[in-house]
Structure formats: structure tokens, C-alpha cells
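In our numbering, the protein residues as written are 2 to 75. Just so it is clear, CB atoms sit at the ideal spot from N, CA and C, and this is done for glycine as well.
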């Protein structure tokens, strides 16, 4: 692993952990999509994808639910 990869990995892990903490405060049982990787670059991308997925879910929970269906709010 290069020093650059090591630094990027540390940043990606930190972002992922922060995003997961944020979503787990609102939805404790939420789980991200599992990822498969073989390289450090793959792990970095998987961490970034998990963080993005968690942030998107947190945003979905904040948005008002409108429309027809069982999840609609009045």
C-alpha cells in the first residue's frame, strides 16, 4: 500500500464511520449494501459508496413523505 493509498483509506474509513453513526442514530437497524473488493482501491471505493448510501438514506428520512400509499403522511 502506498502512502497516498493509506491516507485515502484513512479518510474513507472516517467518512464512512461518521455517515454510519449518523444514520444509526435515526434508524438503528439500517444496513448498507455489502461490497466485494480485492484491492486497496476497491476498499476505498466501497467505503465511499457505503458513506454515500448512508447519507442518502439519512436525507430520505428527513424529507417529507407525500403521496398515496402506506408511507404517506398527512
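7 Å Cβ shell around residue i - same chain, five flanking residues per side excluded
i, result
"residue 41", "2, 6 and 10"
Cβ-based neighbour list, residue i, same chain, cut-off 6 Å, excluding 5 preceding and 5 following
i, result
"residue 36", "47"
"residue 21", "55"
"residue 51", "17 and 33"
Contact set for residue i: own chain, Cβ-Cβ below 8 Å, skip 5 residues either direction
i, result
"residue 14", "48"
"residue 31", "24, 25, 55 and 58"
Secondary structure of residue i, DSSP reduced to three states
i, result
"residue 51", "helix"
"residue 2", "coil"
"residue 36", "coil"
"residue 28", "coil"
"residue 57", "helix"
"residue 64", "coil"
Nearest-angstrom Cβ-Cβ length linking residue i and residue j, presumed shorter than 8 Å
i, j, result
"residue 27", "residue 62", "5 Å"
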